[in-house]
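This report refers to the structure that appears directly beneath it.
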Amino acid sequence: MISFSAVSKRYPGGQEALAGISFSLAAGELAFVTGHSGAGKSTLLKLIAAIERPTAGSVVVNGQNVGALKRGAVPYLRRNLGLVFQDHKLLYDRSVFDNVMLPLSFGTLAPRDAARRVRAALDKVGLLARERANPIQLSGGEQQRLAIARAVVNRPAVLVADEPTANLDAESAARIVDILLSFNQVGVTLVLATHDEALVARHGRRVLQLAAGRLARA
Amino acid sequence: MRTWLRQHRGAFTRAVHKLLAQRAATLLNALVIGVALSLPAGGYALLANLQGVAQRFTFEPQVSVFLKPEAKRAELEARLRADRRVAALRFVSRDEALAELRVAEGLADVVAALERNPLPDAFVVRAADGGAAALEGLAGTLRALPGVANVQVDSAWAERLAALARIGRLALAALAVLLATGLVAVTFNTIRLQILTQREEIEVSQLLGATDAFVRRPFFYLGLLQGLAGGVLALAILWAGLAVLNAGVRDLAQAYGSSFQLVFLPGRDALAVVAFAALLGWLGALLSVSKYLR
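As they're listed, the protein sequences go chains P and Z.
Residue numbers for the first sequence follow my numbering, so the first one is 1 and each next one is one higher.
Residue numbers for the second sequence follow my numbering, so the first one is 1 and each next one is one higher.
Written out as structure tokens, the structure reads:
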């Protein structure tokens, strides 16, 4: 499902974020990406979503070599990925419902089916009753749940979450993790970056530990 | 196909909402485009009116040969027909000339006031060669013929008018190109500002799988609609301008016994102005999107 082979990433200016990273994740697998700030966790996730391209090596996601993808093919790769960001990346000029509808508006789903899909996703994260609210009216935990609903509305095979519990209280963080794990339990491959050691210890199966851009543990 | 149409409809709707949400800015931009476009469109309308007037008169290379009262018509006609530079010949008697003058616009009263017919008999000669030098050469020969009182090269003024109209059209074309560039720049900047204000939405959409076409489409519609609104405003300005001018033109024309009025652009030309404005808006959007949405 996801395969990194001798992957390096050097940003313009010479900073090497990742060096010689190799690992594979099977379909339906759960992996925590851990490490201190600056270890390369976010870069690794960005490579999966083709937000960044590797400087060396190959990244294969869903059978596609991400590094060799043409610009026009990247959106179609991303539609098969669910992305959850630490800062939510919600749009505050539209409702909760419209935020989740956004990824479906690019696709081929008929509006009525899309609306049904949006409500199902909101229901799954416990926000169906807030569909008309503006995201600004939601708490931090609710906003992150909204971001998860938006990430899963396309029913992706892979879910990638970058520090989804950062800045959340323990209760909200636990709920977020439970929701993410519930998708993994139904076969979605889940890659979750976190620096929360307790979280990894509690749920950790596969751990990809990064240290200064290198894989310390896989 | 249905999806493609739905996405276009969505992009169009978003663009309309965006324009309506910023009514004042939209109106100002459309006004800038409208005023700028109304200048060449107005010039074009005036030229078209001028050409309409000019076309009432002949543009053929004609020479009028006015005869002395004692001229021998048959002999003169034979000599004219023998000249190879003469393509066609028509005799206009003084009575016919007066009759023509009587029906000419604004001259009926003048003719009625005449005690006797002051006009001479004349031949209207159509020259085989319409060049200025050839016409002057022919006129010189005709002047030397016995019984000829005067020779007038009729097409000279019309040619001058046509030349002036050509210069006018060229000047208008240059003005249109200049202003079109300005309009593209206005749309370019408007779309640039829109892109900047929607930067976050664009970024999020791209992260979630929006194609470049999906992201760019609303901006194209925005430019197109802005140009369209500008084009419609240009026509409105032109219509109002002609209405104001016509009040003065009417008085002037009446003084000459004419009912001449400036007319608005024909439907096809008016549509072309609106389509051209829309195209310029689209072009401005294309340039802006190509630069700021890479």
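We put the beta carbon where it would ideally sit given N, CA and C, even for glycine.
Source: prediction; values computed, not measured.
Check, Outcome
"Amino acids of chain Z, ordered along the chain, whose beta-carbon sits closer than 7 Å to that of R79 (chain P)", "G209"
"Contacting positions in the segment 84 to 109 of chain P - beta carbon closer than 7 Å to chain Z", "K89, L91, L102, P103, S105, F106 and T108"
"Contact list for P75 (chain P) against chain Z, beta-carbon separation under 9 Å", "Q206, L208, G209, A210, T211, D212 and F214"
"Beta-carbon spacing of V103 (chain Z), Q62 (chain Z) below 9 Å", "no"
"Closer than 7 Å at the beta carbon, the chain P residues around T3 (chain Z)", "T108"
"Best match in Z:L80, Z:R84, Z:A87 and Z:N117 for proximity to E96 (chain Z) [C-alpha to C-alpha]", "Z:N117"
"Helix, strand or coil at N65 (chain P) [DSSP, three-state]", "strand"
"Of the listed residues Z:L80, Z:D121 and Z:A278, nearest to P69 (chain Z) (C-alpha basis)", "Z:D121"
"Three-pair Cβ contact test at 8 Å for the segment 218 to 227 of chain Z versus the segment 28 to 37 of chain Z", "yes"
"In DSSP terms, what E16 (chain P) is bridged to", "P:R10"
"Contacting residues, own chain, Cβ-Cβ under 6 Å from N65 (chain P) (five flanking each side not counted)", "S58"
"Interface flag, P111 (chain P) vs chain Z, CB-CB below 9 Å", "yes"
"Three-state secondary structure (DSSP) of R216 (chain Z)", "helix"
"Span of the beta strand (DSSP E) around L82 (chain P)", "A quick correction: the sequence has Gly, not Leu, at residue 82 (chain P). G82 (chain P) -> beta strand (DSSP E) spans L81 to V84."
"Where the alpha helix (DSSP H) containing A49 (chain P) begins and where it ends", "Premise fails: A49 (chain P) is in no alpha helix (DSSP H) and is neither H nor E."
"Chain P contact for R217 (chain Z) (CB, 9 Å cutoff)", "no"
"Cβ-Cβ distance between L287 (chain Z) and V184 (chain Z) below 9 Å", "yes"
"Cβ of Q7 (chain Z) within 9 Å of any chain P Cβ", "yes"
"Residues near N167 (chain P) by beta carbon distance below 7 Å, same chain, minus five either side", "G140"
"C-alpha distance - A174 (chain Z) paired with G168 (chain Z), whole-angstrom precision", "10 Å"
"Terminal residues of the beta strand (DSSP E) in which L377 (chain Z) lies", "Lying before the first or after the last residue shown, residue 377 (chain Z) is absent from chain Z, which here runs from 1 to 294."
"Min CB distance A157 (chain P) to chain Z below 9 Å", "no"
"Identity of the residue in Z:T197, Z:L80 and Z:Q261 nearest A127 (chain Z) by Cα", "Z:L80"
"Contact check, I179 (chain P) vs L207 (chain Z), beta carbons under 9 Å", "no"
"Among Z:L47, Z:M1, Z:A25 and Z:G284, the one whose alpha carbon lies nearest that of L161 (chain Z)", "Z:L47"
"Contacts of G10 (chain Z) in chain C (Cβ-Cβ under 8 Å)", "You won't find chain C in this structure, because its protein chains are P and Z."
"Cα-Cα separation, L50 (chain Z) to V215 (chain Z)", "48 Å"
"Length of the line joining the Cα atoms of F220 (chain Z) and H195 (chain P)", "44 Å"
"Stretch pair the segment 182 to 196 of chain Z + the segment 243 to 262 of chain Z: three plus CB contacts closer than 8 Å", "no"
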